[in-house]
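For the sequence shown, our numbering assigns the number 1 to the initial residue and increments by one for each residue that follows. Every residue, glycine too, gets a C-beta built ideally from N, C-alpha and C. In this text, all values refer to a predicted model and were calculated from it rather than measured experimentally. Following: one structure in structure tokens, then a few remarks.
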Amino acid sequence: MSPCGSTEPTIKKQAEERHVTNAPIWQWSAVETAAAIRNGEATSEQVVRAHLDRMHEANSALNAVVVDLGAAALQAAKAADEALAISKRQGNAVGPLHGVPVTIKINIDVEGQANSNGVVAFKDNIAPGDSPVTANLRKAGAVIIGLTNTPEFSLRGFTDNPLHGLTRNPWNADVTCGGSSGGAGASIAAGIGTIAHGNDIGGSLRWPAHCNGIATIKPTQGRIPAFNPSATAERPLMAQFMSSQGPLARHVADVRLGLEVMAQRDPRDPWFVPAPLTGPRPAVPVKVALAKIPEDMATDRGVIALQRKAADHLADAGYAVSEVEVPDLNKVWQLWCDLIMTEVRVLQQDQMLATTSADFQKSFRGFIAMASPLDQAGYMKAIAERSRHIRNWMTFLEQYPLVLMPTTVRKTPEVNADLGGDQRVKDLFWNDLRFISSMNVLGLPAAVVPVGLHEGLPVGVQIVGSRYREDMCLDAAEAIERKAGILTRQLWERR
Numbered sequence: 001m002s003p004c005g006s007t008e009p010t011i012k013k014q015a016e017e018r019h020v021t022n023a024p025i026w027q028w029s030a031v032e033t034a035a036a037i038r039n040g041e042a043t044s045e046q047v048v049r050a051h052l053d054r055m056h057e058a059n060s061a062l063n064a065v066v067v068d069l070g071a072a073a074l075q076a077a078k079a080a081d082e083a084l085a086i087s088k089r090q091g092n093a094v095g096p097l098h099g100v101p102v103t104i105k106i107n108i109d110v111e112g113q114a115n116s117n118g119v120v121a122f123k124d125n126i127a128p129g130d131s132p133v134t135a136n137l138r139k140a141g142a143v144i145i146g147l148t149n150t151p152e153f154s155l156r157g158f159t160d161n162p163l164h165g166l167t168r169n170p171w172n173a174d175v176t177c178g179g180s181s182g183g184a185g186a187s188i189a190a191g192i193g194t195i196a197h198g199n200d201i202g203g204s205l206r207w208p209a210h211c212n213g214i215a216t217i218k219p220t221q222g223r224i225p226a227f228n229p230s231a232t233a234e235r236p237l238m239a240q241f242m243s244s245q246g247p248l249a250r251h252v253a254d255v256r257l258g259l260e261v262m263a264q265r266d267p268r269d270p271w272f273v274p275a276p277l278t279g280p281r282p283a284v285p286v287k288v289a290l291a292k293i294p295e296d297m298a299t300d301r302g303v304i305a306l307q308r309k310a311a312d313h314l315a316d317a318g319y320a321v322s323e324v325e326v327p328d329l330n331k332v333w334q335l336w337c338d339l340i341m342t343e344v345r346v347l348q349q350d351q352m353l354a355t356t357s358a359d360f361q362k363s364f365r366g367f368i369a370m371a372s373p374l375d376q377a378g379y380m381k382a383i384a385e386r387s388r389h390i391r392n393w394m395t396f397l398e399q400y401p402l403v404l405m406p407t408t409v410r411k412t413p414e415v416n417a418d419l420g421g422d423q424r425v426k427d428l429f430w431n432d433l434r435f436i437s438s439m440n441v442l443g444l445p446a447a448v449v450p451v452g453l454h455e456g457l458p459v460g461v462q463i464v465g466s467r468y469r470e471d472m473c474l475d476a477a478e479a480i481e482r483k484a485g486i487l488t489r490q491l492w493e494r495r
């Protein structure tokens with residue numbers, strides 16, 4: 001992708017794509033898979049069976065997919081093949097993901113399935129209908145093959161719960177797969193499904209993408225509609241302001257396709273914004289701010305070296321990269337922490353403590369301890385302060401339309417590292433997740449793409465853009481991907 005401008009949306013190009021690969025079906029990209037089905041090179045039933053076989057082979061060691069929807073998926077695949085035959089006879093187009101296998105995280109509604117959010121007490125919370133993301137995936141023709149794991153209440157950076165158990169990282173079982181979309185990240189890295197759904201209120205798409213060596217994007221707030229028919233109350237205000245739905249995939253092109261499919265209008269989300277998926281062509285060369293690392297961050301030299309390598313990849317692709325200090329990173333992170341935890345403390349803490357495990361509560365205590373308690377006036381002032389920080393960043397992005405920054409500055413931590421006490425939790429968020437969580441309070445789009453391996457573990461970089469310029473973030477991610485390659489191929493080759 002040239003920095004001279006964005007391409008037209010992938011959906012509009014699907015008819016032009018051709019599938020060319022000798023790899024096993026489960027290794028095909030979503031774009032390749034959709035093209036193969038449309039062109040008659042494979043049936044949806046063949047593709048879905050291949051992914052179910054892969055799931056049954058790989059998932060026992062990972063525990064990434066915790067609800068197997070194989071029987072229903074095969075029925076849907078057969079129906080997709082019949083529908084494709086009818087469409088061809090009638091000269092009609094099919095959806096951009098027609099017959100393509102995907103997964104959904106267990107914290108949004110899939111009709112007839114339990115939206116447990118990883119909590120034992122919610123194991124019978126059966127969804128009466130589909131969430132907007134689920135509905136949009138189905139409208140695009142996707143076949144849902146399973147539901148992926150999340151920690152209790154999706155409120156940890158580590159994916160483990162007493163309902164479904166621990167999800168392992170396919171690169172190394174001793175380190176975390178991330179969270180809260182850890183099941184989504186691990187499944188995609190292992191070759192289970194082509195696109196995974198996840199969501200992100202403090203890094204829950206981007207952290208698992210980094211840990212598992214795959215790509216994702218946290219879209220602009222309002223880009224993808226959100227709602228759960230099973231919900232008994234509206235989400236707290238900061239969840240509405242800061243949480244985004246999004247896709248994870250092995251290829252950036254698949255992230256782009258997943259974004260376009262998920263970002264279709266749904267009237268049930270009052271925050272949905274029907275913004276174009278591509279914006280005006282930017283001035284060239286596109287200026288990229290390489291974010292300076294705060295001096296108080298504990299860094300790993302090898303991780304930082306790979307992130308600088310990503311900057312070199314962008315420069316080679318024609319971007320103008322300069323190392324600069326980004327606006328008020330520490331203050332933005334603290335604001336995120338204070339706002340989120342004030343709402344959790346006031347509105348959700350009692351329910352959480354009454355329904356969760358000892359492990360969750362140990363991590364939760366550390367999370368609460370990081371935040372400064374806000375009274376009513378403090379909370380209102382903090383919401384107002386959020387506007388100032390957004391303004392500062394939007395002004396900064398006028399000068400530097402993209403910001404290249406770490407996902408984390410250290411190698412991936414061990415499984416359940418957040419159970420090491422309050423100070424360990426603070427250390428993880430302050431050093432490992434500061435660059436990630438800060439972007440949620442700003443509502444800006446942020447892509448993650450892998451750039452290489454450090455000590456055998458994936459390292460990703462984060463690319464932040466202005467509101468509704470996911471296209472520019474993904475253009476830059478593709479430029480890095482062209483140099484770095486598809487990292488999961490190295491995972492599969494070593495097994």
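Could you tell me the boundaries of the alpha helix (DSSP H) in which residue i lies?
{"i": "Q264", "result": "Where Q264 is concerned, there is no enclosing alpha helix (DSSP H), given that its DSSP letter is neither H nor E."}
{"i": "L62", "result": "S44 to L62"}
{"i": "M370", "result": "A358 to M370"}
{"i": "G503", "result": "As displayed, the chain neither begins before 1 nor continues past 495, which places residue 503 out of reach and without an answer."}
{"i": "G378", "result": "Q376 to Q399"}
{"i": "L442", "result": "R434 to L442"}
{"i": "K426", "result": "D422 to D427"}
If we call anything under 8 Å between Cβ atoms a contact, is residue i one with residue j?
{"i": "G452", "j": "K362", "result": "no"}
{"i": "G70", "j": "L52", "result": "yes"}
{"i": "P219", "j": "G182", "result": "no"}
{"i": "V120", "j": "P162", "result": "yes"}
{"i": "V66", "j": "L147", "result": "yes"}
{"i": "F272", "j": "S131", "result": "no"}
{"i": "N63", "j": "L166", "result": "yes"}
{"i": "P128", "j": "S230", "result": "yes"}
{"i": "G246", "j": "I217", "result": "yes"}
{"i": "T412", "j": "V461", "result": "no"}
{"i": "A36", "j": "V102", "result": "no"}
{"i": "A446", "j": "V464", "result": "yes"}
How should residue i be labelled, buried or exposed, when 16 other C-beta atoms within 10 angstroms of its C-beta is the threshold for buried?
{"i": "M380", "result": "exposed"}
{"i": "D174", "result": "exposed"}
{"i": "Q399", "result": "exposed"}
{"i": "D296", "result": "exposed"}
{"i": "K88", "result": "exposed"}
{"i": "N92", "result": "exposed"}
{"i": "Q221", "result": "buried"}
{"i": "L428", "result": "buried"}
{"i": "I86", "result": "exposed"}
{"i": "R265", "result": "exposed"}
{"i": "Q307", "result": "buried"}
{"i": "V284", "result": "exposed"}
{"i": "L353", "result": "exposed"}
{"i": "P3", "result": "Bear in mind that a pLDDT of 48 at P3, under 50, signals an unreliable position, so the number given afterwards is only what the model happens to contain. Buried, since its Cβ has 16 or more Cβ neighbours within 10 Å."}
{"i": "S387", "result": "exposed"}
{"i": "A135", "result": "buried"}
Apart from the five residues just before and just after residue i, which ones in its own chain have a Cβ nearer than 7 Å to its Cβ?
{"i": "M1", "result": "Here M1 scores only 40 on pLDDT, less than 50, and its place in the model should not be relied on; the value that follows carries that caveat. Here the set comprises T7, D475, E478 and A479."}
{"i": "T299", "result": "I293, V409 and R410"}
{"i": "N330", "result": "P294"}
{"i": "W333", "result": "R434, S437 and S438"}
{"i": "E16", "result": "For E16, the pLDDT reaches just 42, beneath the cut-off of 50, and the residue's location in the model is therefore unreliable, leaving the point undetermined."}
{"i": "D269", "result": "P132, P225, A226 and F227"}
Over what stretch of residues does the beta strand (DSSP E) that includes residue i continue unbroken?
{"i": "V324", "result": "A320 to V324"}
{"i": "I104", "result": "P101 to K105"}
{"i": "L147", "result": "V143 to T148"}
{"i": "K287", "result": "K287 to A291"}
{"i": "H98", "result": "No beta strand (DSSP E) holds H98; DSSP gives it neither H nor E."}
Mind reading off the beta-carbon distance from residue i to residue j? Whole number of angstroms is fine, and I expect it under 8 Å.
{"i": "S466", "j": "L397", "result": "4 Å"}
{"i": "W486", "j": "R250", "result": "It should be pointed out that residue 486 corresponds to Ile in this sequence rather than to Trp. The pair is a contact, with the Cβ atoms about 6 Å apart (cut-off 8 Å)."}
{"i": "I214", "j": "A189", "result": "5 Å"}
{"i": "L402", "j": "C473", "result": "7 Å"}
{"i": "V48", "j": "A77", "result": "4 Å"}
{"i": "A417", "j": "F158", "result": "7 Å"}
{"i": "W430", "j": "G191", "result": "Going by Cβ atoms, the distance from W430 to G191 rounds to 34 Å, so no, they are not a contact pair."}
{"i": "A382", "j": "L444", "result": "Incorrect: roughly 18 Å between the Cβ atoms, too far for contact."}
Starting from the C-beta of residue i, find all residues in its chain whose C-beta is less than 6 Å away, skip the five residues before and the five after it, and write them out in chain order.
{"i": "K483", "result": "H313"}
{"i": "P236", "result": "E343 and L347"}
{"i": "G178", "result": "G185, W207, P208 and C211"}
{"i": "I390", "result": "L442"}
{"i": "F360", "result": "E152"}
Note down, in chain order, each residue of its chain lying with its Cβ closer than 8 Å to the Cβ of residue i, except the 5 sequence neighbours on either side.
{"i": "M341", "result": "F367, I368, M370 and A371"}
{"i": "N123", "result": "Reading the sequence as shown, one finds Lys at residue 123 and not Asn. If we look at K123 and ignore the five residues flanking it on each side, its Cβ neighbours are A114, S116 and L163."}
{"i": "V324", "result": "A289, L290, A291, K292 and Y400"}
{"i": "L277", "result": "P9, L259, E260, A263, E470 and D471"}
Would a check of beta-carbon distances place residue i closer than 8 Å to chain C?
{"i": "P445", "result": "Here chain C cannot be found, since the structure has a single protein chain."}
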